[in-house]
Every structure is written in C-alpha cells, then in structure tokens.
Amino acid sequence: MEFKAFLIKYAEIGVKGKNRFRFEDALIQQMRYALQPVGEFSIRKESGRIFVDALEEYDYDEAVEALSRVFGIAGICPIVVEENKDFDHIAAVVCDYVGERYEDRTFSFKVNVRRADKKYPIKSMDVAALLGEKLLERYEADGLHVNVREPDVLLTVEIRDKVYIYSDEIPGPGGMPVGTGGRAMLLLSGGIDSPVAGYMISKRGVSLEATYFHAPPYTSERAKQKVVDLAKLIARYTGPITLHIVNFTDIQMAIYEKCPHDELTIIMRRYMMKIAEHFAKESGCLALVTGESIGQVASQTMQSLYVTNEVCEMPVFRPCIGMDKQDIVELSERIGTYETSILPYEDCCTIFVAKHPVTKPRLDVIKKSERKLDDCIDELLKTAIETEEVVKIHAH
C-alpha cells in the first residue's frame, strides 16, 4: 500500500524539558537535509510528535532509508491520514488498512487508541474496543485474533486534528540531532576505525569537520579520493563536512631523517594532532576525535596515547576506545563505510611505519628526539597549514 506520510518518534529528546523545542528544531533541520534528494516533503511538529507529509510522488524505500540515517529518530512509522473523524468512517478505514497491509491475517492484534482531541465524543478505551470488534467481524474467519498482552501486531490510532493510523515502526538510529552537541575535528584516515569514530560522536549530536594527512608521492591521488569518498559516506549521517587535506610529506621526511625509527609513528601522530588542533580552533571546534582503540596497534597503547595527548590543549574523544576490532568492523559494515575503507590505497601512517615501533614511549624521551627537529619543524608546520586543501563534502 502507498503511504503519504510518516510519524517520527524520538526518545532522548523527550526528556529535555523546556529546551526540547531546540532539539526538535535541530531534528527537523536534519530530516529536511536527509530528505532533500528524495522529494518534496512538509515537516511539522505537534504535541511531542513530528509528522512528515509527502507533497509529491516519492520513492518510499529511499525516504525510509534517508530518515533511518537521521540521528535523534527512534522510530519511523508509515501512517494513513484521514480528515474525517466520524467513527464509522474510521472503522472502515482501519479495516481496509489491515486488509491491504496484511495479506496473511493469521496473527494476534491489539488496538491502541490515543485521543489527543479531548472533544472527541468517544473515550479512547471505547474506541479501541469498538475497532477491535469491527476487525474481528471482518477478519476473524481469516485467523485474526486478539492478544492484549503480547500481540503480533499493535495497531495504533491517534485522534488529533486528523486521524492517524499505523502498525509498523521502523527503528531509527537513536542518539541526538546533529548540531545540538557542539562541533569537533575528526582525524580521518583511509582506515576502518576513524569513520566509525566520526559516526559515533555525531550520534551524540556533534557536528564534524575532518582533517586528512596526505603524503605525495608516497600516497596516491586514489588514496586521497578514498578519504573524500569516506567523508561523503559519513556525511549521510552528519550533514555537510569541511575536509582539510594537509600535505604531510616534508614533515614525515624530516622526522624519518632526524628521529629514531622506532619513535616515528608517535612523533608523527603528535604533529598531526597539533595541525588538526590548529584547524579545530580556527573552526570553533571544541574537541578532536580519533578512531583509536586501546592496544590495537603500537601507537594505541595507554603509554602511546598519553604521549600523543600531551601536545593537545583540547580534549581528545576516542569513541572506539573500548571496542574490539570486530565490533568496529561490524559497525563499519552497518553504516556502509567498510567496503571503501578496505580499498588497498595506503595512508601516510602505514607507509612510514617502523618495523619495531616503541609500545611504551616515555614523554621525556620523545621530547628529546623532537628537539632534533628544532631547526626546521616550525617552518614545515607553517607551510603544511598554509597549503591545506579545503573540500566541502556533501552526502552521496
């Protein structure tokens, strides 16, 4: 059957008290962004409900997919909308709805009625009982039966300015609307972990910018395009992303030539964090975000993370910190970034990795090694920052 409207349910937003309207407005803004490629829709809010009405023909599956990527949505309910609130008319529509929606009617059901319009002459419990009777009259012979405790199908009828009928609730991603939790800078590589970290932090309402470190000729243009493609995939959930692409080759070569090779990754990470923090401050970000997970590689031991963090004034959020690799892989598959992440184009971290990297670096030792860069590093950092490439990323 064709649905011309959706009822959108949210969860956490409902406990925001007097500030709830701000979160609702942010959610509606994100819904408009997600639905823009699908068609023209009207979105309105009413008494703790958000309704989406199609203003033209649209692709139902595309609309559901777009809404299912909007953080803050707990459930998506395709609804039938009726303006005629006469009970006999409602009963006829409900019976037709069940007949058209369910070809096999050998299931248990319960009717749940919400009467937001208190002027409606029949009480909610009575409407539910009467509708149940009408459904049994029509379909009991087909196997339809009542179970008020654990029904197979919960049929909901909401009587408001109009009558809204639905029985399906498609799960949404949950979380908080993007833009309600501030802004953060994601260190985005071409790997599996950082796109997942970006997804997870945005689910808490944080909007994103991103920084990618490019090392030509050691990393190819295809490696850079891979990261742009990953940013586009993340932007389906987060909204538009500003991507800062930094030429990191000269800094890496200086570190490679002047510093102990077992400390390469740690020292490179420290300068990456410095540069990302520079862009973050310029953009009004309040934190850095990385895809690191404790113990996954040598640069992600507790000691390594401590030494890396030392260069940052901003907090560093690591949403994947306690996740197993398989957990991260499964989430990347679910959000659609995995296949792009595993494309065989190396990033600058993997190109310059040491054979035997230090796993328990000492801050005083690392700082001593970095002093070997004193004659060149300030100029190299300045050049890297001034020659950044900025790409405005929108969803696929």
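Mapping of the sequence shown onto UniProt numbering: position 265 corresponds to residue 265, and the numbering continues sequentially without gaps. Ideal placement from N, C-alpha and C gives every residue a C-beta, glycine not left out. Quick caveat, the model's predicted, so the values are computed rather than measured.
Q. Can the beta-carbon of residue 53 be found closer than 8 Å to that of residue 41?
A. yes
**Q.** Identity of the residue in 22, 334, 364, 277 nearest residue 307 by Cα
**A.** 364
(Q) For residue 162 and residue 239, I'd like the C-alpha separation in whole angstroms. (A) 33 Å
Q: Using DSSP bridges, identify the partner residues of residue 154.
A: 110
Q. Thinking C-beta only, is residue 370 closer than 8 Å to residue 275?
A. no
Q) Is there contact here, the stretch 119 to 131 with the stretch 28 to 47, by at least three beta-carbon pairs under 8 Å? A) no
Q. What number of angstroms, rounded off, separates the C-alpha of residue 259 from the C-alpha of residue 372?
A. 7 Å
(Q) Runs of 3 residues minimum, wholly inside the stretch 71 to 135: which ones carry the beta strand (DSSP E) assignment? (A) 73 to 82, 108 to 115
Q) Would the stretch 113 to 125 and the stretch 197 to 212 be scored as touching if the rule is three or more Cβ pairs under 8 Å? A) Contact fails: fewer than three Cβ-Cβ distances are below 8 Å.
Q) Sorted by chain position, which residues of the same chain lie with C-beta nearer than 7 Å to residue 229's C-beta, five sequence neighbours on each side aside? A) 340
Q: Could you say if the stretch 309 to 322 and the stretch 166 to 177 meet the contact criterion of at least three C-beta pairs nearer than 8 Å?
A: no
Q.
Give me, in chain order, the residues of the same chain whose beta-carbon lies closer than 7 Å to that of residue 295; leave out the 5 immediate sequence neighbours on both sides.
A. 301
Q: Determine, using beta carbons only, whether residue 290 and residue 197 come nearer to each other than 8 Å.
A: yes
Q. In three-state terms, what does DSSP make of residue 245?
A. strand
(Q) Does residue 358 pass the burial test, meaning 16 or more other C-beta atoms within 10 Å, or should it be called exposed? (A) buried
**Q.** Of the residues 193, 15, 201, 60, the one placed nearest residue 293, counting alpha carbons only
**A.** 193
Q: With DSSP collapsed to three states, give me the class of residue 53.
A: strand
Q. Which residue from 138, 87, 25, 345 puts its Cα closest to that of residue 120?
A. 87
**Q.** Own chain partners of residue 108 with C-beta closer than 7 Å, once the 5 adjacent residues on each side are dropped
**A.** 145, 146, 147, 151, 152
Q: Could you please give me the residues that DSSP links to residue 38 through a beta bridge?
A: None, per the DSSP bridge assignment.
Q. Using the beta-carbon count (16 or more within 10 Å), is residue 118 buried or exposed?
A. exposed
Q) Run through DSSP, which three-state label would residue 207 get? A) strand
Q.
Taking 8 Å as the limit between beta carbons, can you name the residues of its chain near residue 298, skipping five residues before and five after?
A. Correct list, in chain order: 265, 304, 357, 358, 359.
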